[in-house]
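First up is the structure itself, then whatever we jot down about it.
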Amino acid sequence: MRINTLTLANETLRLEFDRASGALVGLTAVQTGWRILDRPELGLSFRLLAPQRRDVGGPFSDATAMPSGRRNNTVCGEKQPLTALDVAADGRAATFVWDGVTSELGERLDIKLTLTVTLTERQAIYALTVENRAPYIIENVYCPYLGDVAHPPEAEWFKTFIYQYATASEWALWPTYQNMRGYFGVDYPTQFSPWSAGVGAPMAPYFLLRSADQGLYVGVNAPSSELVAWHTELRPGYGSSIDARVAPEVATRFAAVHVPYIQSGETRALTPIALEAFQGGWQAGVDIYKAWRDTWMTTPPLPAWAREPHAWQQIHINSPEDELRIPFRDLVKVGEECARHGVKAIQLTGWNAGGQDQGNPSHDPDPRLGTFEELREAIAHIQALGVRVVLFAKFTWADRATERFRTDLVRHAIKDPYGDYYHYGGYQYQTATQLLDINTKRLIPMCFLDEAYQRLCEAEFAKTLDLGADGILFDECLHHSPALLCFDESHGHRYGAPVYANDRLLIQRFAALAHTRNPEFLFAAEAAYDWEFEAYHLSYHRSENKQHLPLSRYMLPHVPLATAITGFNDRNMVNQCLLYRYAISYEPYNFKGHLDDYPLTIAYGKQMDALRTELRAYFWDGEFRHEIGARVTVEGKPHHPYAVFVNRETGARGVAIANYDEASTITVQVALDDSAPLTRYRLVDDATWRDAGAGIVIPPCSAAVVI
């Protein structure tokens with residue numbers, strides 16, 4: 159089949175479009191020759207879902223409306239002839255128009271789509287506007303839609319890369335394909351990220367399809383809160399399902415899936431999407447995102463104390479199963495222990511009525527632990543010792559078991575298309591009854607788009623200011639699971655509005671309240687997704703994995719990040735903190751114990767913090783570059799993990815290297831990419847500087863710095 163094509167090209171991509179249908183039939187990485195799309199007959203343009211049958215509870219709540227209609231009413235763009243095609247005189251842009259489309263059910267729909275593909279020096283930017291004159295809501299729009307993404311010819315593997323909880327999630331595309339949805343629910347093996355991995359923008363605003371040395375970057379090109387999910391699909395399916403093998407004739411589709419819920423009579427410009435081919439590892443793809451994000455996003459000024467090398471302790475004093483561990487009047491003993499060990503901040507968890515994860519969103523102190531005044535006085539006494547107090551906080555959820563939820567808060571809950579609130583399973587604590595999920599407190603995601611709920615949150619936050627705290631740590635600020643959109647228009651938003659839209663605004667409103675009372679108030683988050691750092695100062699996460707990839711640190715090299723350390727001789731987690739510039743959060747007995755409970759961990763942690771304070775120009779204030787700029791080997795083979803830091807004043811580099819092995823001493827060689835010498839090294843727990851020329855000797859569960 160001969161296709162009449164239009165070609166657009168820039169420094170990284172060559173795109174070929176079918177002039178008859180507008181389908182993208184060819185895509186090539188210019189600098190390497192990788193033919194990303196190489197089977198023109200599989201070319202695609204867009205895909206729509208415009209259900210004939212409306213969900214009960216929507217703007218058309220008549221359950222009898224169009225009873226014979228079908229929800230899965232799909233429009234396949236590659237089957238629609240173009241109405242118009244306009245190419246810019248300079249060849250840097252093309253506009254495709256489809257004025258009227260036909261669904262797979264054979265119904266002609268009065269929907270107009272205008273797609274402009276614009277080339278910058280390195281990117282192709284897809285901008286689609288949808289004018290919906292049909293009687294149905296347009297729920298999904300796939301665009302750009304790639305019909306047959308091929309792996310680079312010399313690659314040993316090909317996979318995806320997406321943000322997840324301060325690190326990255328990677329799914330195999332070839333030679334095996336990692337199916338992520340039950341086979342009973344789809345026709346083809348399918349990848350849609352689960353909520354916990356960041357289903358898409360704004361939580362995960364870019365997506366990489368990559369091999370070891372090159373890839374394709376796909377990312378939103380506007381700081382929009384609209385939901386854009388990243389999707390792949392294997393057609394027609396596995397060659398061998400027992401090992402998930404991809405046969406040569408199989409096609410891997412990729413799409414940016416917009417979920418706009420465009421009403422009948424509405425016109426909507428969708429979030430533009432940028433494509434760019436890159437060379438190098440995942441860092442090269444992430445650098446594309448960082449360069450774009452830095453054109454519009456800034457981070458708030460840090461409280462002075464949070465800029466310094468320091469460590470935290472998280473301590474839990476109550477849960478829904480009523481441990482009631484430490485009365486408020488005794489908290490000063492925790493502060494004294496922190497002061498003795500040089501720990502600068504306490505994250506106090508479970509202080510609220512009912513304990514951790516109960517009674518949300520209430521931020522009243524638990525009266526069984528003491529009075530409001532006793533907690534306020536304890537905080538003041540701890541602060542007098544030079545230790546900051548950061549209160550655990552939670553505004554995402556309401557506790558379904560409370561009378562307050564049933565009689566009042568339910569109206570602020572995020573609603574699904576049927577008018578019901580979403581339901582999150584909650585967390586289990588301590589007793590067998592709860593660990594068996596029998597009496598777990600169920601959590602209901604609340605709508606931050608509801609002005610009345612925002613004001614309620616402000617009132618609850620004000621209680622932490624009244625207590626005199628140095629900050630809050632907003633637990634689970636990173637998601638609203640399982641909700642992605644809210645359909646309750648009584649909240650003052652549109653039908654199908656994105657629930658992540660006000661994540662930053664809520665904290666900015668809190669900050670306005672705090673500013674007049676405590677300008678140094680710290681806003682900390684649990685595993686804040688990247689855009690949330692426009693509002694938050696610091697993020698805390700858990701990263702106890704030898705393969706942990708420090709994605710948040712790479713995306714924001716200078717933002718304070720903290721991670722949990724729970725082991726009783728947790729040298730490797732301390733080493734990870736050195737490598738990735740994480741502040742230690744000491745948490746013996748899974749944040750139920752005291753610092754003196756694990757002396758080995760505390761001793762090594764203090765040695766590490768002393769080292770990076772001494773060399774803070776490299777390993778605290780320096781520019782974190784992960785593994786870019788140096789190679790570390792053992793007997794000629796690559797060694798991991800290590801991290802490169804650049805002294806921002808001098809440009810000199812330092813490298814931190816960990817030996818996670820629990821039995822073997824290793825000797826590593828370090829070479830900078832520009833061959834500049836690294837002359838001397840020392841270990842975390844040995845202050846003696848040694849000559850690095852003959853190799854760097856690192857004992858088991860140890861780490862070295864070389865400068």
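Each residue of the sequence shown is one higher than the one before, counting from 159 in the numbering used here.
By construction, the Cβ of each residue, glycine as well, lies at the ideal position given by its N, Cα and C atoms.
| Query | Result |
| --- | --- |
| Can you tell me whether Glu-236 is buried or exposed? The criterion is at least 16 other CB atoms within 10 Å of its CB, across all chains shown. | buried |
| Below 8 Å on the Cβ atoms is my guess for Val-804 versus Glu-781; work out the distance and round it to an integer in Å. | 4 Å |
| Helix, strand or coil, according to DSSP, for Ala-221 in the structure here? | Any reading at Ala-221 must be qualified, since the residue scores a pLDDT of 46, below 50, and its modelled position is unreliable; no value is offered. |
| From the DSSP output, read off the bridge partner residues of Ile-283. | Thr-276, Ala-432 |
| Where does Lys-795 land, buried or exposed, given buried means 16+ other C-beta within 10 angstroms? | exposed |
| In three-state DSSP terms, what is Glu-384? | coil |
| For Ala-852, count neighbouring Cβ atoms within 10 angstroms of its own Cβ and tell me buried if that reaches 16, exposed if not. | exposed |
| With a threshold of 16 other CB atoms inside 10 Å of the CB of Thr-165, please say whether the residue is buried or exposed. | exposed |
| Spell out a yes or no on whether the stretch 405-421 and the stretch 659-678 are touching, meaning 3 or more CB-CB pairs, one atom from each, closer than 8 Å. | no |
| Based on Cα-Cα distance, which residue from Glu-481, Leu-625, Val-864, Asp-488 lies nearest to Glu-531? | Leu-625 |
| Where does the unbroken beta strand (DSSP E) through Leu-173 begin, and where does it stop? | 171-176 |
| At the level of alpha carbons, what is the spacing between Thr-457 and Ala-292? | 43 Å |
| By how many angstroms is the C-alpha of Arg-229 removed from the C-alpha of Gly-264? | 14 Å |
| Taking the CB atoms as reference points, tell me whether Ser-203 and Tyr-303 lie closer together than 8 Å. | yes |
| Reducing DSSP to helix, strand and coil, say where Val-444 ends up. | helix |
| Helix, strand or coil for Val-492 per DSSP? | helix |
| Report the option in Asn-730, Asn-733, Thr-759 whose CA atom is closest to the CA atom of Tyr-744. | Thr-759 |
| Would you check if the stretch 698-712 and the stretch 641-652 touch, i.e. whether three or more CB-CB distances between them fall below 8 Å? | no |
| What are the start and end residues of the beta strand (DSSP E) that includes Val-732? | Premise fails: Val-732 lies in the alpha helix (DSSP H), 729-738, not in any beta strand (DSSP E). |
| Classify Ile-596 as buried or exposed, calling it buried when 16 or more other Cβ atoms lie within 10 Å of its own Cβ. | exposed |
| Do the CB positions of Leu-737 and Ala-788 come within less than 8 Å of each other? | no |
| What three-state label does DSSP hand Arg-197 in the structure shown? | coil |
| Hey, would you say Asn-510 sits closer than 8 Å to Ile-431, going by beta carbons? | no |
| Quick one: grab the DSSP three-state call for Cys-615. | helix |
| Keeping to the same chain, check which residues put their C-beta closer than 7 Å to that of Ile-161; ignore five residues upstream and five downstream. | Asp-176, Val-183, Pro-198 |
| Kindly indicate which three-state DSSP category His-499 falls into: helix, strand or coil? | helix |
| With three or more beta-carbon pairs closer than 8 Å as the criterion, would you say the stretch 513-530 touches the stretch 463-481? | yes |
| Rounded C-beta distance between Leu-185 and Ile-194? I'm assuming under 8 Å. | 4 Å |
| Whole angstroms is fine: what's the gap from Ala-872's alpha carbon to Ile-296's? | Outside the modelled stretch of the chain, which goes from 159 to 865, sits residue 872, for which no answer is possible. |
| Could you pull the start and end residues of the beta strand (DSSP E) that Ile-824 belongs to? | 824-830 |
| Who are the Cβ neighbours of Glu-391 in its own chain at under 6 Å, not counting the five residues just before and after it? | Tyr-346, Thr-348, Arg-411 |
| Does DSSP put Ser-398 in a helix, a strand or coil? | strand |
| For the alpha helix (DSSP H) holding Ser-710, just list the boundary residues, first then last. | 709-713 |
| Please state the DSSP three-state secondary structure of Lys-552. | coil |
| Within 10 angstroms of the Cβ of Glu-174, are there 16 or more other Cβ atoms? Answer buried if so, exposed if not. | buried |
| On the three-state DSSP scale, how would you describe Tyr-341? | helix |
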